[in-house]
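Asker:
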Amino acid sequence: MKDSRIKLFDMENYLKENFNIPAKHASDEDLKRWRSKVGIVKNPRRRFRGLRNLQERSQAREKQLRNIEDNIKNVFYNQDVALSFTNDNWVYTPPREVVQAGFGIDSVILSSMVSAGKIQVLQELGGIEGVARFLSVSLDRGISTLERPPISVRQKIFGSNLNKEKPPRSFWKFSWEVLQDRTLILLLFCAVASMLLGVSSEGWPNGMHEGWGIIFCTILVILITSITNYRQHLVFRRLVEEKKKISVLVTRDGRKQKLSIYDLVVGDVVHLSVGDQVPADGIYISGNSLLIDASCLSGESCPVDKHEGKPFLLSGTKVLDGSCKMLVASVGKQTILGRLMETLNEWGEDETPLQVKLNSVARVVGNIGLFFSLLVFLVLTQRFLLEKASHNVLMDWSSKDASKLLNYVVIAVSIFMGAFPKGLPLAVILSRLFAMRRLKNRSALVRHPSACEIMGSVSCICTDKTGTLTTSNMTVDKLWICDRLIEGVETSALRSAVYRRVLDVLLQIIFKNTSAEVVEIDDGKTILGSPIESALLEYGLLLDSDFNAQLSESNIVKVVPFHPMRKKMSVVVALPAGNLLVLTKGAPEVILDLCEKVFDCNGEPIPLAEAKRQVIMDIVIALSREGLSTLCFASKEIPGTSDEKELPTNGYTLVAVVGIKNPVRQGVKRAFQACLDAGISICVITGDNMNTAEAVAKECGILTDDGLAIEGSDFRNKRIEEKSLPKVQVIARSFPSDKYAFVSLLRRKFGEVIAVTGDGTNDAPALREADIGLVMGITGTEVAKESADVIMKDDDFTSIVDLIKTGRAVYLNIQKAIQFLLTINIVVLMLSSFSAIISWSAFITPFQLLWVDMVVGILGSLLLAANPPSDSIMQRVPFRKDMDLITPTMWINTIGQSIHQMVVLLIFKINGRSLLNLTGTKADSVLDTFIFNTFVFFQVFNAINNHEVQKLNVFRGLFNWHFFAVMAFIVVSQVIIVELWGSFSNTVPLCWELWVISALLASTSMILAAMLKLIKHNHFMMITKFYSQAFRYKRTSRCNIKVD
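Following our numbering, the numbering of the sequence shown begins with 6 at its first residue and continues without gaps.
#1: Count Cβ pairs between the stretch 624-644 and the stretch 596-612 that sit closer than 8 angstroms; are there 3 or more?
#2: Just the C-alpha distance for residue 197 and residue 852, rounded to the nearest angstrom, thanks.
#3: Using 8 angstroms as the Cβ pair cut-off and three pairs as the minimum, do the stretch 727-739 and the stretch 705-719 touch?
#4: Which partner residues does residue 209 have in the DSSP bridge list?
#5: Got a sec, what are the start and stop residues for the alpha helix (DSSP H) residue 587 sits in?
#6: CB-CB under 6 angstroms to residue 437, same chain, minus the five flanking residues each way: which ones, in chain order?
#7: Going by CA-CA distance only, name the one from 950, 857, 654, 439 that's closest to residue 976.
#8: Three or more C-beta pairs closer than 8 angstroms, one from the stretch 482-493 and one from the stretch 770-778: is that the case here?
#9: Where do the ends of the alpha helix (DSSP H) carrying residue 177 lie?
#10: Return the chain-ordered list of same chain residues with a C-beta closer than 7 angstroms to the C-beta of residue 959, the five sequence neighbours on each side being excluded.
#11: Count Cβ pairs between the stretch 674-691 and the stretch 737-745 that sit closer than 8 angstroms; are there 3 or more?
#12: Does DSSP put residue 705 in a helix, a strand or coil?
#13: Using a Cβ distance threshold of 8 angstroms, determine whether the stretch 669-685 contacts the stretch 599-615, with at least three qualifying pairs required.
#14: With DSSP as the reference, label residue 256 as helix, strand or coil.
#15: Should residue 446 go down as buried or exposed, given a rule of 16 or more other Cβ atoms within 10 Å for buried?
#16: Determine the direct distance from the alpha carbon of residue 548 to that of residue 496, and round the result to whole angstroms.
#17: Give a yes or no on whether the C-beta atoms belonging to residue 485 and residue 288 are separated by under 7 angstroms.
#18: Taking 7 angstroms as the limit between beta carbons, can you name the residues of its chain near residue 775, skipping five residues before and five after?
#19: Beta carbon of residue 463, beta carbon of residue 640: below 7 angstroms?
#20: Going along the chain, which unbroken runs of the beta strand (DSSP E) with 3 or more residues stay wholly within the stretch 671-701?
#21: With the cut-off set at 7 angstroms, would you say residue 342 and residue 331 are in Cβ contact?
#22: Looking at the structure shown, is residue 334 part of a helix, part of a strand, or coil, going by DSSP?
#23: Give a yes or no on contact between the stretch 651-664 and the stretch 672-686, applying the rule of three or more CB pairs nearer than 8 angstroms.
#24: Mapping DSSP to helix, strand and coil, what is residue 485?
#25: At which residues does the beta strand (DSSP E) containing residue 614 begin and terminate?
#26: Give the DSSP bridge partners of residue 328, in chain order.
#27: What is the residue span of the beta strand (DSSP E) that residue 664 lies within?
#28: Locate the beta strand (DSSP E) running through residue 568, then write down its first and last residues.
#29: Assuming contact is defined by CB atoms lying nearer than 7 angstroms, are residue 830 and residue 872 in contact in what I supplied?
#30: Check for me: the alpha helix (DSSP H) holding residue 468 runs from which residue to which?
#31: Distance check for residue 938 and residue 994, CA to CA, integer angstroms please.
#32: Is the beta carbon of residue 722 less than 7 angstroms from the beta carbon of residue 630?
#33: Does the beta-carbon of residue 260 have 16 or more other beta-carbons within 10 angstroms, so that it is buried, or is it exposed?
#34: Exposed or buried, residue 72, counting other C-beta atoms within 10 Å across all chains shown (16 or more means buried)?
#35: Decide yes or no for the touch test of the stretch 467-480 against the stretch 906-924: beta carbon pairs closer than 8 angstroms, at least 3 of them.
#36: Anyone know if the C-beta pair for residue 874 and residue 956 falls short of 7 angstroms?
Okay, here's the thing in structure tokens:
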């Protein structure tokens, strides 16, 4: 079976050995290896445009390893500030403009204090309260936009929260970059020389025509290439801007509101929680268990605790755990991150695997073209010299002889230009641009361009449940309390059925043990928080609308935020009598283990007997089987003298069991079926209990009869056989570490291409490990978004199907463009070489050669690269990561079409006058024009053939405005060149009969394409059977696969 694979010069092995790079996190050694292989053929300056500067990246990493934090501390001592110490008393005089603006401190003091971590300076300033006074801000109400100084003055004195960025590059810079191409420079030089020699031998203006024709083709190529590259530049700049669109929660005018990080000013009070990125340098005001990841600045991976004793927070760091309020002290260029960004240049994007493969193909074909172009030049020159020697005029040279030699140079350069598949890099760029734009319109922001390609190879999707399969509009559906099960909407029944003191405890748990907040906005109140927290708080407001009164009744002493490992969250509040009340909520199995009592129907706490515990668990299971997410509430009163650092682990009283309804999104079941038909398996990994997870998975059509549903503990403790892991479709009660381990195992052990969805900070490792990380744009934290490849703005699983279709279309479109361009390259090389060796002349003129290769070829490849995805693309198996870029089917189509074109054109080149019944003095010119015209029409019909590589119906989905625009441009331009610009293109006008014959001859390529697809079908199926069997072996009973 291995011998049945078609190879040309063993190309695929060569490409795999030298041009294979990982899709993510490629090492510098991998990137240097392939770049070193392609530097000779084309201009390196343009070839690596937009890619990472490896030298700059290496220097930046070395700078980080030298411990950036220690270097930055020197900033404090190097600042020219008006500070002096006299008898231990600190005297500071702020600048006049600062005082006139209404402030008591300037940006230099603030940025120096925060960057150097000088706690003693903060103390001298009067602590956080003193800094707030200097900045004219209230720590409780934040900045007042109605009082002086206004926001604009703050921005003038302290700066805005913007970092220095490179200005956008103009279109002309891209044009100049294209002009650095050595072959284009050589062509322009030849064109100028041709005009000079032509004028000297043929006079003005006839001697200028051929040179002007070459310049015209070269300018067209420069324009097409520059426009495509410039559009890519604009798309990537917009992508960078999208990445930076981060909102933060601040307090202004006494109410919380969301602002863009660009609108932050010094003095803003910012609220940070788990997963947030610190938007500016600031000072800790208050918070709970704050843990910061500062590795982006210090290079150290160990988290850092932040509290009143270590209050300085730096821009760009991330919140790993806990929450806090922060006073913004420095913004923009005054922050450590801002100063660091000024010293670093943009590195560009890592090249994608498909880019590297295409560069490798271009190198191989370009080297072949270089060989043939040199061969043609040497043969033509040798014969020319031999002819002169035979007439004893070897030393007698004229301008015509020089013009002839120059023409040979132009022919050789044109052959090389034609052989080099110039449209391939542009096809990749355009295909990605269309893909990214299409996905953006469908609420998916692609952060890394390689994601557009890799999604075509995805074979397994590991997805969350909440917010992805289900909506984010959660509601409390049922409540078990005081031995009664109450429908969530029946709040009046709850008030009448439950004793007041139990209801008070329930409300305290809802209002005080929450990460959600009620925020007043212009048109009323809104709730900010996660879907579950928002649903609970909304239910609490139905029971008691006075949220602020509930919070003011007692002081919160300690907060232990929710963590996936703990599966609970708790608060400790101080009661008026002096005792402390611990309020906790979380997973039923976790909370029930803490409880020793439960409120009975009379509102009295009674011992929680084992039988009663089982009854409660049965209620939890019954709610879960209805697809409800379940939580348990509990409380415990402890003495005020207790050490609140360690919360009690027993003795709690169970208050209630809550069932939260989370409806499945519309269209999810249809999207899952589309994935299964496409050969993609689905695994739901959730923190919910098994019954809820199974109910939702069955409703969505994920869990099948032969699929496995396991708990995270079964996977962690290896209670399931490793070989059965590909059959797992549900993992319930999982930790984030389970998701990471499961993804890693499927990728490395079973060779799966994994896409992972996530939204939390703890999902970041799995998002980075996966081939494609998909983060939810609405509920996702900034840490998760930073680790992802694609941001799903609508948090909808159905958008993932669009992403897969687009990824497959990118790969297919590139293969179509390769097949189209290779056909042109082979025909040009063979015919030009054959004609030069046999007849001492070029097959077609340099202008005509450049027109076909560099204009028609490029436009045709761009047309194929822009094809939108069709629905049928989801009826095939995923692309394998290690599959050949040029498949056996492509070789069969390419070689078959090339031979057909060569045979037809050679027949007419040799015997065209008699076949077409051409007579007269212009018969040779008419024949040459007819051959050129037929060659162009061959490429037009071949572009249509390549719209479908395997299917017979090439017209399905073909007719769109892109197709008509490009085809119309090529045909109209061909008519103008032949009929009107004959002096430039060395053509003569053709009669309508010859136009019809050209088109009919070229259309025979469509008949041949259909025959090739029929002839090769059985052979191709034998070849692919080996791959499909290996692929299906790993995916037995996991999905339905249809192969066209």
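Idealized CB from N, CA, C, for every residue including glycine.
Answerer: Walking through what the data contain:
#1: Yes, the stretch 624-644 is in contact with the stretch 596-612.
#2: 14 angstroms
#3: Judged by Cβ distances under 8 angstroms, the stretch 727-739 makes contact with the stretch 705-719, as three or more pairs qualify.
#4: Bridge partners of residue 209: none, in fact.
#5: Careful: residue 587 lies outside any alpha helix (DSSP H), inside the beta strand (DSSP E) at 585-591.
#6: 454, 457
#7: 857
#8: no
#9: 176-184
#10: Spatial neighbours of residue 959 in its own chain (CB-CB distance under 7 angstroms, excluding positions within 5 residues in sequence) are listed in chain order as 949, 950, 952, 953.
#11: yes
#12: helix
#13: no
#14: strand
#15: exposed
#16: 6 angstroms
#17: no
#18: 748, 759, 760, 761
#19: no
#20: 686-690
#21: No. Outside cutoff.
#22: strand
#23: no
#24: Residue state, collapsed to three classes: strand.
#25: Careful: residue 614 lies outside any beta strand (DSSP E) and carries neither H nor E.
#26: 293
#27: 657-666
#28: Note, residue 568: beta strand (DSSP E), 560-568.
#29: Using a Cβ distance threshold of 7 angstroms, residue 830 and residue 872 do not count as a contacting pair.
#30: Not the alpha helix (DSSP H): residue 468 falls in the beta strand (DSSP E), residues 465-468.
#31: Roughly 11 angstroms separates the two Cα atoms.
#32: no
#33: exposed
#34: At residue 72, the pLDDT of 43 sits below 50, so the modelled position is not reliable and the matter cannot be decided from this model.
#35: no
#36: no
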